[in-house]
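Peer 1:
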Amino acid sequence: MLIEKKENYKLIYSDENSFSKFYSSFLKKEKEFDKENLIVQISNEINITKEDFLLFLSIAKQKKENSTSLVIVYKDINIDDFPEDFNIVPTLVEAEDIIEMEAIERELGF
């Protein structure tokens, strides 16, 4: 797992060759990012299922309660397979836009 600090978020991306290894690495570090917006970019080289993505759902809810955001980036995804409030997008640019939009919503009290 690689971590890159950006202006408004931390970018976490996979360098592992399996989802289980990546997710395990992520869970070990996740509490360190409690107060930060996160974008998790998952390699398209990793075989991943809908159930794998849903493992991030409880973390996403916790981030929202902490007034931060979690966005998953994965190119080949059908977002209609997931809850509306679960942020999964195909590109990093879209993920950055969501981080920005949610920050504005929090400032406006939504």
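Residues in the sequence shown are numbered consecutively from 1186, following this note's numbering.
Where is the CB? At the ideal position from N, CA and C, for every residue including glycine.
These figures come from a predicted structure and were not determined experimentally.
Return helix, strand or coil for Lys1235, following the three-state DSSP convention.
Peer 2: It is helical.
Peer 1: List the whole-angstrom C-beta distance separating Leu1223 from Tyr1194, where the pair is believed to meet the contact cut-off of C-beta under 8 Å.
Peer 2: With a Cβ gap of about 6 Å, Leu1223 and Tyr1194 count as contacting.
Peer 1: Count the other CB atoms, across all protein chains shown, that sit within 10 Å of the CB of Lys1146; report buried if there are 16 or more and exposed otherwise.
Peer 2: Shown here, the chain extends from 1186 to 1295; a query on residue 1146 therefore has no answer.
Peer 1: Name the DSSP bridge partner or partners of Gln1226?
Peer 2: DSSP output for Gln1226 lists Tyr1198, Val1258 as bridge partner(s).
Peer 1: To the nearest angstrom, report how far apart Glu1253 and Phe1271 are at their CA atoms.
Peer 2: Note on residue identity: the sequence assigns Thr, not Glu, to residue 1253. So the two alpha carbons sit approximately 13 Å from each other.
Peer 1: Grab me the residues of Glu1221's own chain with a C-beta within less than 7 Å of its C-beta, minus the 5 sequence neighbours each way, in chain order.
Peer 2: Closer than 7 Å at the Cβ level, and outside the excluded window around Glu1221, lie Tyr1194, Lys1195, Thr1253.
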